[in-house]
Each structure stands twice: as structure tokens, then as C-alpha cells.
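Numbering (my numbering), first residue to last: -2 to 630.
Ideal Cβ placement from N, Cα and C applies to all residues, glycine included.
Predicted model, so just to flag it, every value in this text is computed and none were measured.
Below: one structure, written as C-alpha cells.
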């Protein structure tokens, strides 16, 4: 992307001094040209290396934040008041966002927007503040100063675009920020990359039109210019075709064309840069960052998970597709896997799709774990899965697994005092791991408290109790709110919860689960009561679901519907009431949400408002928020 340096005169060393005479430039012209912001030969150090330093400093801030939160965090909101307020400030900036109703679009949080603003100021400052933009005459060469600066700034962005592109990446390893949350940086850096590439390209056109030699210059530098133009065309496609409006028209088509365009862009861009100064170093850095991260998931899929996995397909009563895959690895609530189905044509074989895991690993070390996914039928792959499950219910199809990825912060989960889990639509299945983990945690805590024997050591006559690392900690209560337009989904949701609880042996009467189902739309008129309060979650396999009632076996409290929940819930008010109740005792509240953009916006801003109250001193404690994107891929 840099101009050809052949025009520069070779410096001549005089006598034993280090002074250089640049003929035909005068001494004053030579001294001016060799200043830091003008000299072509050090442009890579002056503009590209500070760009690298800027990105590394931003990543370093997140690394430090991850280290501090992991080592200095206080359980259950304990710690100095100043520390609580500092945490609240960081969380407010991380949660507060904006919603554009006409576009059904949520902005990034305020803190991320501020970081983007800092990046914008940096790039425009580095590019536009140094003068001049163009040389006053051709004695300073054929590469305008603005084009040179823009080219190196743009090239330095490339390693970080690829560093934020892969599911497994070094940034996630060092900061614990999941790859899907890095996608906003992947897009923003790509925008900077493209804009700076344009600011590198157009000055050449303007410059040579001014000196009336554009045709001669294009013909004499044919390879240089045409490789740049081709690279720019592919870069434009990569930048704008990745927008959700185009991407959602056909995910498989987007994925294939994206990979194809990346390959052609890198080839032509490499050819365009040639070996000018240190330009190749950035391609080497990009390969070093990206290739191991790209290869690792493939190696894990083939050598750790295997290629003989089978997925069983069923259609639930509410129309959801239930995918079950037996596996031998662990995961945590909120995580997802990429599934690649190899029996539905070449296009689907070459592409993988992310699905949220709606189950937990088996509790016992010798039990078989199952990945369970609940998927709502759409177009493309999900339509084929639906058709296959209807035509051959219970049949199995070959599948390749890549994951798990993402998920909640488990330390924050166990340190939280009270949990509020909110889901909408097809995000309902996302709630099940939270319920199952809460029940398991309370069961193990009760076993520890009462000294219950869990297992016996075969090598000894004495029983040995097996208790997990987190058995003595964990949340005290769980409230689940599910919103659906479909009455059948409500019935399915309650029945599935009952099945989960029937598998548990929990007898901890001090804790409780509160489940609310809101039915919106036309089906809301058919619901008289959709609220169940679950105390002492200990139903057995003989439990049955009769209407709205979950009837446990004799000896336990009946679980009865309490009140009517119709229409759209006022989530900000619910969060405010829940936070007020929890923070009165200076405890912590964890809020988790998976649903449409409007739901996520309401919940995150309500959580931000509660953190603002902590900052101003009207409340004490902590309010933590985690969002699972309803559709981000």
C-alpha cells in the first residue's frame, strides 16, 4: 500500500560526519523532508507501530481488569464502599446502551462506545493532524504524505481484525472476553481498516490529476495500482456484506463468500504491498495470530470429540426441534456449540451453525452427558432439520461439534446472592441449565451441611463424601421469567422444568425457585394463571403435571399456581423491585437475559440504572448483568 520509493535520491555521506546531502534537494528541503512526520523511510515506525501500541494498550486494560476482578473481587458484595462504587461505575459503563426502534438495533454499551470514540480520535488525529497532505511539488516523490500515513495506519489494523475474528483467540484467552463479544471490535476495526485504505487510495488519484500525469503513472505502475484496486474491492465486500441486513438473508451464502473474499483479498493485498519497508512483518504477525486459532478447533473436533458423533432429532409439542448429542466433555450455563451436519448437502456440510446448549453435564463422573439444543424452525438448515425430524422422528444424523464457547462467569454466579433469569421466545431453553445448576448447588450444599454420604471409597471401609469446589457457596434464590407468544411453549416450558426437578433429590427448604411465564399475543386470553412458586424443589419421578399444577409426592409442599401473569411484563419495574429487595440487605443480584433486542435493551438499562443508584449512594451492594445475544451469528 506504500508508494514506490524509487524516486528518492540516494543519500551521500560526506567525509567522516553523519550529515547527508540529498541532491537535488536543497539542504533546507532535505532537513524538512527528513523530519519525523514527513520522511517516507521511517513512516512504518512513525505510524504503524503507534497503532500496534494503541491496540495493545486497549487489550492490556482488559487484561488488567480481568486480573483484578479474579483476584481482588469480593464475594457477596463485601468490601470497602469505595470498591463497590468503582465496580458499579465500570458496570454502568458496560451495561448502559441505546435502542433504535425503527432498525430493531441495540447500540454497544456506553463504555464500548467511548472506547470506539477514543479509537476514532486516535486514527483521525494520527492521519489528519500531521501536515502536509500533499507535496507542493514532485521533488518529494510520487507518494502523497496523506496516502503514506493512511496506508501504514491501515496495514497495522490487519492483525487485530484477524485476532478478533476467530472463535478461539488469544484475546479471549487473556481477557476472558468471549469471542462473540469481540465481534463489535472486529467490525469497528474493519471499518477503520477500510476507511484508511480509501484515504490511502484517493490521494494518489488527486495528486497525479493535479500534475496531469495520471495515465502515465497508471501505465508505468500497472501491477501496483491494479492489485490495490482489486484488494479494495474485496475489502469493500468484506466490510459491508457483513452487515446483519445482508448476512441474515442467507448465513451459508455469507459464510462461503466471506471466506472466499478473505483469501483473494489477502493474496492481492500481499502482492500490492510487496516488500516495502516492514510491510511483510504485518502479514507474518497476522498469520501467527490467526492460523493457530483457526486450526485448533478443527484439531479438537477431530481428535478430542471425534467424527462419529450422532445427533438425535425430535420435534417438541410447541414445534421446537430438540437435538440431543451424547458427549464426554464439560460445559457451563449459557455456552453454545457450533454444529456441522454432514448429511444435508454440501452447502450445510461446509458451514456450521451456533446453537445454545440447554442442558448441563452429568453430575456423576461415570454418567453419560448429553448436549441438548432447542431450536425454533427458520429457513435453511433449521428447515431441513425440522423436515427430517417430522419424517423420521427420533432418528439420528451425523454431526461434528465445535465448542463449547461463551457462557456465564461461573465465579460471579457462585458469588451472587440472588439470581434473576429472563428469557423470551426461543431463548426459553437457555433457562434450563440455570435451574438445573441451582438445584444441584443447593442439593450439594445441603449434603455438606448435614454430612450426607455421597459415595464410598472402594479401597476403604469408610465412606467418603464427594463435594464440589462450589458446594459451600452459591446463590440463595432463583427467579425465572419467561415470555412467549405461544401457549404451547408455556406448557412445554413448565413440563420441562418439572422433569428437571423430578431428577433432583434436593431437600433444601431454605431456598426457593420462583418461575413466571408471561403469555403475550392472542394466546394470552387463554391463560388464567401462569405463575408457579417452587419451594423445596424435590419432586420425584412419579410427579405429574396436571394443568398448571405440579403435584409432588406425598410429604412435600404442593406447588400451586398463585397469580395471573398476562401480557408483556414490565421488566424494568421487576428488576427495580428485585434489586431494592436484595440490596436492602447489601447483598448482590445477578441478572441474566436471553431474548429479542427490545428485551435485552430494557433489562440492561434497568441493571445500569441500579448500578447508578449504587454510585450515587442511594443503594449498597452489587448488581451484575449478563446478556446472551438472541441472534448474533
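Can you give me the C-alpha to C-alpha distance between residue 623 and residue 332, rounded to a whole angstrom? When the Cα atoms are used, residue 623 and residue 332 turn out to be separated by approximately 12 Å.
Residue 318 and residue 386 - do their beta-carbons sit closer together than 8 Å? The beta carbons of residue 386 and residue 318 sit closer together than 8 Å.
In angstroms with no decimal places, state the Cα-to-Cα distance between residue 285 and residue 294. Going from the Cα of residue 285 to the Cα of residue 294 covers about 16 Å.
For residue 193 and residue 123, the rounded distance between their alpha carbons: Distance between the alpha carbons of residue 123 and residue 193: 11 Å.
Using 8 Å for Cβ pairs, my map puts residue 160 next to residue 168. What's the rounded Cβ distance? Cβ atoms of residue 160 and residue 168 come within 8 Å of each other, at about 6 Å.
Can you give me the Cβ contacts of residue 205 inside the same chain, cut-off strictly under 7 Å, excluding the 5 residues immediately before and after it? Close CB contacts of residue 205 within its chain, under the 7 Å cut and outside five residues either way in sequence, are with 211, 214 (chain order).
In angstroms with no decimal places, state the Cα-to-Cα distance between residue 631 and residue 341. In the structure displayed, the chain extends from -2 to 630; residue 631 sits before or after that span and is not available.
Can you tell me whether residue 485 is helix, strand or coil according to DSSP? It is helical.
Opening and closing residue of the alpha helix (DSSP H) in which residue 124 lies: Counted as a single uninterrupted DSSP element, the alpha helix (DSSP H) harbouring residue 124 occupies residues 107 to 125.
Close Cβ partners of residue 625 (< 8 Å) along its chain, the five nearest in sequence each way excluded: Excluding the 5 residues flanking it on each side, residue 625 has same chain C-beta neighbours closer than 8 Å at 331, 353, 403, 424, 427, 589, 590, 591, in chain order.
DSSP state of residue 638, grouped into three classes? Look at the range of the chain in this structure, -2 to 630, and you will see that residue 638 is not part of it.
Euclidean distance between Cα positions of residue 515 and residue 573: Residue 515 and residue 573 have their alpha carbons spaced roughly 18 Å apart.
Residue 496: which of 478, 481, 438, 430 sits nearest, CA to CA? Per the Cα distances, 430.
Alpha-carbon spacing of residue 292 relative to residue 55, whole angstroms: Looking at the two C-alpha atoms, the distance is approximately 26 Å.
Of the residues 422, 414, 418, the one placed nearest residue 439, counting alpha carbons only: Out of 422, 414, 418, 414 has the C-alpha closest to the C-alpha of residue 439.
How would you write the range of the alpha helix (DSSP H) that residue 85 sits in, first residue to last? Where residue 85 is concerned, the enclosing alpha helix (DSSP H) stretches over 78 to 92.
Neighbourhood of residue 680 by C-beta, 6 Å cutoff - its chain only, sequence neighbours within 5 removed: Nothing can be reported for residue 680: it is not among the residues displayed for the chain, which extend from -2 to 630.
Host alpha helix (DSSP H) of residue 182 (start-end): According to the DSSP assignment, residue 182 belongs to the alpha helix (DSSP H) that extends over 180 to 207.
Give every residue of the same chain whose Cβ lies closer than 6 Å to the Cβ of residue 610, excluding the five residues on either side of it in the sequence, and list them in chain order. Within its own chain, the residues whose Cβ lies closer than 6 Å to the Cβ of residue 610, once the five positions on either side in sequence are excluded, are 616, listed in chain order.
On the premise that residue 435 lies in contact with residue 416, defined as a C-beta separation below 8 Å, what is that separation, rounded to the nearest angstrom? About 7 Å separates the two Cβ atoms, so the contact holds.
Where does residue 156 land, buried or exposed, given buried means 16+ other C-beta within 10 angstroms? Burial check for residue 156: the Cβ neighbour count within 10 Å reaches 16 or more, so the residue is buried.
Other residues of its chain near residue 383: CB distance less than 6 Å, five sequence neighbours each side excluded: Cβ neighbours of residue 383 within its own chain (closer than 6 Å, five residues either side excluded): 318, 374.
What is the DSSP secondary structure of residue 338, reduced to helix, strand or coil? Strand, per DSSP.
So what does DSSP say about residue 35, is it helix, strand or coil? Residue 35: coil per DSSP, three-state reduction.
Rounded C-alpha distance that separates residue 618 from residue 287: If I take the Cα positions, the gap works out to 41 Å.
Option nearest residue 421 by Cα separation, candidates 142, 486, 571: Ranking 142, 486, 571 by Cα distance to residue 421 puts 486 first.
My assumption, with CB atoms under 8 Å, is that residue 621 sits in contact with residue 88. Please give the rounded CB distance. Your pair residue 621 and residue 88 checks out as a contact, with CB atoms roughly 7 Å apart and the cut at 8 Å.
Is there contact here, the segment 594 to 612 with the segment 90 to 108, by at least three beta-carbon pairs under 8 Å? With a cut-off of 8 Å on Cβ pairs, the segment 594 to 612 is in contact with the segment 90 to 108, counting three or more such pairs.
Whole-number beta carbon distance between residue 104 and residue 111, since they are thought to touch under 8 Å: Approximately 12 Å separates the beta-carbon atoms of residue 111 and residue 104; this is outside 8 Å, ruling out the contact.
How should residue 102 be labelled, buried or exposed, when 16 other C-beta atoms within 10 angstroms of its C-beta is the threshold for buried? Exposed is the call here.
How is residue 403 classed by DSSP in three states: helix, strand or coil? In the three-state reduction of the DSSP assignment, residue 403 falls in the strand class, which pools E and B.
Of the listed residues 309, 481, 483, nearest to residue 391 (C-alpha basis): Out of 309, 481, 483, 309 has the C-alpha closest to the C-alpha of residue 391.
According to DSSP, is residue 591 part of a helix, a strand, or is it coil? Note: residue 591 maps to strand in three-state DSSP.
By alpha-carbon positions, which one of 478, 500, 581 ends up nearest to residue 563? Selected option, being the one with the closest Cα: 478.
Taking 8 Å as the cut-off, decide whether the C-beta atoms of residue 280 and residue 267 are in contact. Residue 267 sits close to residue 280, with the two beta carbons spaced by under 8 Å.
C-alpha distance - residue 47 paired with residue 398, whole-angstrom precision: Cα to Cα, the separation comes out at about 40 Å.
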